[in-house]
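Protein chains in written order, with the numbering used here: chain A, 5 to 84; chain B, 220 to 718; chain C, 16 to 236.
The next block holds one structure in the form of structure tokens; read it before the comments.
What follows is the structure in structure tokens.
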């Protein structure tokens, strides 16, 4: 096998290439607009059917209970 | 309608303003048949895996009547039962649940009804036949004694074929997407679906078909096995958490930028962690150090994810206890943080000197695959199934039983195995006293007994879950459900408006 | 983060990176390890020729006998690895040395002749890398496999009674192979316990597990 010193050189070249390619990919990604509009991505799972601000899962029967409670507390109606 | 026909609710929702809703309903409906196939398979395997777990656990401590009863039955010897349990759970329960959740998530996030279901049906059948033959083969004695690959090689072609179909389907589905945005869950799912076949193919070659020489085999084995956890189960669990937490709450993920950072740092570091299974072993010190480094660097994606999930949930706490999905998913997400931080600690040589080879490791494994992955899968199923069949879950009580018995059960198991395992490790590493081995064995018995008790609790939870699922599938939809779709698609305010 | 090719490249790269480091590099450095004499060969001046075997010296590790190989298959089929490891850690790390589990650390070269490497990750039971050295009596192994508690009180190892046959002692007298159990565990008058072929093979395999040789990279104390 190679001498120990050669391994270090090979290792350094290899890791240099990896770092360089990571920098290249990141720069390319930023230039290509991969990181624009990030917050748009976060809200992309909501739409008219299941809009922002609306809870979409309840225990069976829970929703009816909460609706009744809102009836009894007129000023405070909001699904908390 | 007979019970089977009630699996199908094909009447369209007929409310005037539900045109937008029909689109999501159509997407869900398109996933229904193949989704139910994977769901039923996953629940059946969950039960089989649970039974095998009880059998394995109860034989390791007094009272020994079970061990005595099966002592003459070769098929039920501990090494085989334990391995059958692992494979039934990982590839039976786990993978079927993954396929269900991934297909539904991909459909929803691509905003398109799924097509080419034929491929998925065939894949589902082949997959489950493969696991059935594989688990049977393990018990029959064809166990390979390669960790996470105990199923005999005659099932490999079935697994590979089934997976190839799913992989191709996934690529087609993604290519046909109707959204221009790719949500974070999709990155995790796509990555997982790329990684798994590569891992599986490479390791089948390197251990079975062209075996690597000596310890290289062990290195390859643990590169594979840990990556099944880190690059297959974990990404799918995270994909689900990243979708369901914001979705149920109606709030977007706290920081999308953090989720990108979390994804790529996981991809980079998790790969290297596998070597921590070989600390102290006959492998070069540098690769062990690399494994430790990878494991410790995992703190970055784990903390990032934890911040993201926590900040998304923080605020009024009510939704978490109002929603089955959130209960299970938040439990799972918190467990992800804990198990990963513990794992990073366990990869340090000094800690590993105590924990290696002990029940602590078994506890850690169940922390990940159960407290994190399985609980999130339960949460996902609680959200998905009603939307597939257009019905509400039949009983809140059953869901609560499921949650509490599994949450408390796994907590007990983790306590027993971590505390017992740590103390076992301390005794085993003691170079001064060198307690006799049998004394250490005696010491572990009460902890193992506690583990069996926790297993009984988990069993109760699983039975409650199974009852819920099959009751849900077999019950007829109510008039309200037929007309409006499952009422859980309406908020209390809407319900009030409708009434 | 919208591009499938970018994702694929990144995901492929991360996997390739770890596989290269963990598997490929070690395959290149350790994959061609050969059996070796206890000391390196030396050149005429007495300097060691690293990597070369000394002429005429026995080479290690040695291949186990045929029946031991068959026994390894039984070991695999019974899942023994899931409670027993086969690796001795270095002195000063853990208590492997103090427990007498090996006179030296086990190294990569010790495993090169194994087509299935059974390092193991659980020590519900003791390490077995050198069990043939510290427990050289086949009868001990037979009675331990048949009924672990007969020699290890409180053991949680499952009994492997199905690897043995209970037979009536016939008129020619007890079989040579019959295992000698302690009285509390012995069968009733007129019966004996005889190992099947698989039990014989398994015990032969266990006895073949030894670390009783030196290697240039790791010497015994």
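All C-beta atoms, glycine included, are put in the ideal place defined by N, C-alpha and C.
- Message: Can you check whether the C-beta of residue 92 of chain C is within less than 7 Å of a C-beta belonging to chain B?
- Response: At a cut-off of 7 Å, the C-beta of residue 92 of chain C has a neighbouring C-beta in chain B.
- Query: Looking at the C-beta of residue 448 of chain B, does it have a partner C-beta in chain C at a distance below 7 Å?
  - Reply: no
- Task: Could you confirm whether any beta carbon from chain C is found closer than 7 Å to the beta carbon of residue 336 of chain B?
- Result: So, not an interface residue.
- Query: Between the C-alpha atoms of residue 85 of chain C and residue 687 of chain B, what's the straight-line distance to the nearest angstrom?
  - Reply: 49 Å
- Message: Measuring alpha carbon to alpha carbon, tell me which residue in C:222, C:228, C:37 is nearest residue 81 of chain C.
- Response: C:222
- From the beta carbon of residue 430 of chain B, is the nearest beta carbon of chain C less than 7 Å away? yes
- Message: Which residues of the stretch 536-556 of chain B have a Cβ closer than 7 Å to any Cβ of chain A? Give them in chain order.
- Response: 537, 538, 541, 542, 543, 544, 545
- Just the Cα atoms here: how many angstroms apart are residue 75 of chain C and residue 124 of chain C? 8 Å
- Proximity of residue 621 of chain B and residue 265 of chain B at Cβ, strictly below 7 Å: no
- Query: In this structure, does DSSP put residue 701 of chain B in helix, strand or coil?
  - Reply: If DSSP states are grouped into helix, strand and coil, residue 701 of chain B belongs with the helices.
- Query: Along chain B, in chain order, which residues have C-beta atoms closer than 8 Å to that of residue 7 of chain A?
  - Reply: Those within 8 Å of residue 7 of chain A in chain B number zero; the least Cβ separation is about 16 Å.
- Query: Would DSSP call residue 228 of chain C helix, strand or coil?
  - Reply: coil
- Item | Option nearest residue 574 of chain B by Cα separation, candidates B:645, B:409, B:520 | B:645
- For residue 320 of chain B, which of helix, strand or coil comes out of DSSP? helix
- Message: For residue 442 of chain B, would you say it is in contact with chain C, using Cβ-to-Cβ distances shorter than 7 Å as the test?
- Response: yes
- Query: Would you call residue 156 of chain C buried or exposed, if buried means 16 or more other Cβ atoms sit within 10 Å of its Cβ?
  - Reply: Buried, because 16 or more other Cβ atoms sit within 10 Å of the Cβ of residue 156 of chain C.
- Message: Below 9 Å on C-beta distance, what does residue 21 of chain C contact in chain A?
- Response: For residue 21 of chain C, the neighbours in chain A by C-beta distance under 9 Å run, in chain order, 29, 32, 33, 36, 38.
- Message: For residue 35 of chain C, count the other beta carbons within 10 Å of its own beta carbon; 16 or more makes it buried, fewer makes it exposed. Which is it?
- Response: exposed
- Measure from the C-beta of residue 467 of chain B to each C-beta in chain A and report whether the shortest distance is under 7 Å. Taking a beta-carbon distance threshold of 7 Å, residue 467 of chain B counts as an interface residue toward chain A.
- Message: Taking the straight line between their C-alpha atoms, what separation do you get for residue 475 of chain B and residue 445 of chain B?
- Response: 27 Å
- Query: residue 509 of chain B versus chain C: which residues are under 8 Å apart at the beta carbon?
  - Reply: 36, 37
- Message: Which residues does DSSP list as the beta-bridge partners of residue 55 of chain C?
- Response: C:68
- Whose C-beta lies closer than 6 Å to the C-beta of residue 488 of chain B among residues of the same chain, with five residues either side of it excluded? 513, 516, 517
- Query: So, is the C-beta of residue 420 of chain B closer than 7 Å to a C-beta in chain C?
  - Reply: no
- Item | DSSP-derived helix/strand/coil call for residue 653 of chain B | coil
- Have a look at residue 149 of chain C and residue 214 of chain C and give me their C-alpha separation to the nearest angstrom. 19 Å
- Message: Assuming contact is defined by CB atoms lying nearer than 7 Å, are residue 224 of chain C and residue 437 of chain B in contact in what I supplied?
- Response: no
- Task: Please list the partners that residue 169 of chain C has in chain B, where partner means a Cβ-to-Cβ separation under 7 Å.
- Result: 657, 660, 661
- Residues near residue 7 of chain A by beta carbon distance below 6 Å, same chain, minus five either side: Apart from the 5 residues on each side of it in sequence, residue 7 of chain A has no Cβ closer than 6 Å to any other Cβ in its chain.
- Query: Going along chain B in order, which residues have a C-beta closer than 7 Å to the C-beta of residue 174 of chain C?
  - Reply: 290
- Just the C-alpha distance for residue 441 of chain B and residue 14 of chain A, rounded to the nearest angstrom, thanks. Straight through space, the alpha carbons of residue 14 of chain A and residue 441 of chain B are spaced by roughly 26 Å.
- Task: Please classify residue 72 of chain A: is it buried, with 16 or more other beta-carbons within 10 angstroms of its beta-carbon, or exposed?
- Result: exposed
- Query: So, is the C-beta of residue 46 of chain C closer than 7 Å to a C-beta in chain B?
  - Reply: With 7 Å as the cut-off, residue 46 of chain C counts as an interface residue toward chain B.
- Message: Which complete alpha helix (DSSP H) runs does the stretch 569-627 of chain B hold, if anything under 4 residues is left out?
- Response: 578-585, 594-608
- Which same chain residues, not among the five before or five after residue 205 of chain C, have their C-beta less than 8 Å away from its C-beta? 183, 184
- Query: Can you name the start and end residues of the alpha helix (DSSP H) that residue 245 of chain B belongs to?
  - Reply: 238-277 is the extent of the alpha helix (DSSP H) around residue 245 of chain B.
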